[in-house]
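First the structure, in the form of structure tokens, and then the observations on it.
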Amino acid sequence: QTLFTLNIKLNKKIAYNKIVKYKKSKTKTLNMTIKANNIGTAACVVAIATTSSLLTYLVCTRKKLMNDESYTKIPSNLLLGPCASELKLAVQLALEAGSNMEFHLNTKGTEAGHGSEEKLGINIKRNDADFATSVDLLNEQIIINGIAKMFPTHDIIGEESTGTGEVTRLTNKPTWIIDPIDGTTNFASGCCFTCVSIGYCVGGQPIMGVAFSPKTQEMYIAVKGMGAYRNGQRIYSTDPNTHKTLKNSVVCFEFGYARSEEGVDNMVNAVRRLLKHGCRSTRSYGSGVLDLCYVASGRLDVVYTGITEEGWKPWDYCAGMVIAEEAGCTIQSLKRGDVNYHGGFADNCNSKRFDIYSSSMICGVNSTVVEQCRNVVLDM
């Protein structure tokens, strides 16, 4: 069941689906030219490290992966499921994309990583807090190419190919929704809370989710109706021996990119109400996908977003939503009367399935925590 073999050619050329080419300079700097034709980027250049340092790192990484393969395996029951081929591909692509992130994550703050943040090729989107790196673009291109090669008739919605434009509507066609690096700010800073997220939808509904955290080497996978897993082990949002309410919950929120005076006031006031009401603690990890995975595995008890304009996008929800649902979580729109990005009605506070195009969300380990948290943060 081992699905991933690190196969990197350390000759004169390193080929990732013919995307990356490199050449050695006199100073032995590895210059990587990334061609991102499908996402409208002519070219971007990223210098990651000296040739000798990078090659040594890749060899060590290969040995580590061969010795510990727990996060590369898929439980046998999922391999018998309705989207086994799609799941195998998603795991393989998530691991390949994750390997592109490891050098920066593991060397940031060391001598080998000096200057690495400046060499990531940061591209600003809406403001200084919203940006992409060259590794985001590389990862998205690798994932898109991998999907297109095996499933050429499937649609693909990617964060970087969408950019700041309107998010493509879901249709009944099989559709992949990908976030090549969720928690880009964390990645650029060398923080461990960052992951690759790949979701798969059929009939306009998410049915499969894969999220791989390269720094912690944790692979979260789930298929609708077949359970959620972390590194091959079944995960559950609740412990039958523990009764969770808001009072004894760890509450997570993300402030996102909102910077207006009204937006900041709304977000801060929601936290103020939480603290005055009482909860065990609050957290803000900087990765919406991992927030959902952590609620799914009981590391967090509830996470919310959408108090103001900081609401997430479909690629932040798609994979994590399936993982959370299959672990037993309750996930809904935070606001009653909520709308989605296309102006449609997305109020599913009491409906069966969350709309990944919703402009707000709350996900908790049980319905009691969700309702109590909603009432407090919205001052209901």
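Residue numbering for the sequence shown follows this note's numbering, beginning at 356 and increasing consecutively.
C-beta atoms are modelled at their ideal positions from N, C-alpha and C, and glycine is treated no differently.
Item to check | Contact belief for Thr450 with Thr427 at Cβ below 8 Å, rounded distance in angstroms | outcome: Before going further, note that residue 450 is Leu rather than Thr in the sequence given. Rounded, the Cβ-Cβ distance is 6 Å, consistent with contact.
Item to check | Residue burial classification, Gln588 (beta-carbon count within 10 angstroms, cutoff 16) | outcome: exposed
Item to check | Backbone secondary structure at Ile498 - three-state DSSP | outcome: helix
Checklist entry - Roughly how many angstroms lie between the CA atoms of Asn586 and Ile553, to the nearest whole one? => result 16 Å
Item to check | Whole-number beta carbon distance between Glu457 and Ala543, since they are thought to touch under 8 Å | outcome: Going by Cβ atoms, the distance from Ala543 to Glu457 rounds to 14 Å, so no, they are not a contact pair.
Checklist entry - Which residues in the same chain have their Cβ closer than 8 Å to the Cβ of Thr747, if we skip the five residues on either side of it in sequence? => result It is not possible to answer for residue 747, since the shown part of the chain is limited to 356 through 735.
Checklist entry - Are the beta-carbon atoms of Val650 and Ser592 separated by less than 8 Å? => result yes
Checklist entry - Which whole-angstrom value is the C-beta distance of Thr663 and Met622, which I expect to be below 8 Å? => result 6 Å
Checklist entry - Do Met563 and Val677 have their C-beta atoms closer together than 8 Å? => result yes
Checklist entry - What are the partner residues of Gly513, as DSSP defines its beta bridges? => result Ile533
Checklist entry - Buried or exposed: where does Lys690 fall if 16 or more other Cβ atoms within 10 Å of its Cβ makes it buried? => result buried
Next on the checklist: For the pair the region 594 to 612 and the region 488 to 505, tell me if three or more CB-CB distances fall below 8 Å.
Outcome noted: no
Checklist entry - Any idea what DSSP makes of Ile678, helix, strand or coil? => result helix
Next on the checklist: Please list the terminal residues of the continuous alpha helix (DSSP H) segment that includes Thr539.
Outcome noted: 539 to 544
Checklist entry - Over what stretch of residues does the alpha helix (DSSP H) that includes Ala769 continue unbroken? => result Because residue 769 is not part of the residues shown, which for the chain are 356 to 735, the question remains open.
Item to check | Same chain, Cβ closer than 8 Å to Thr508, five either side skipped, listed in chain order | outcome: Lys528, Pro529
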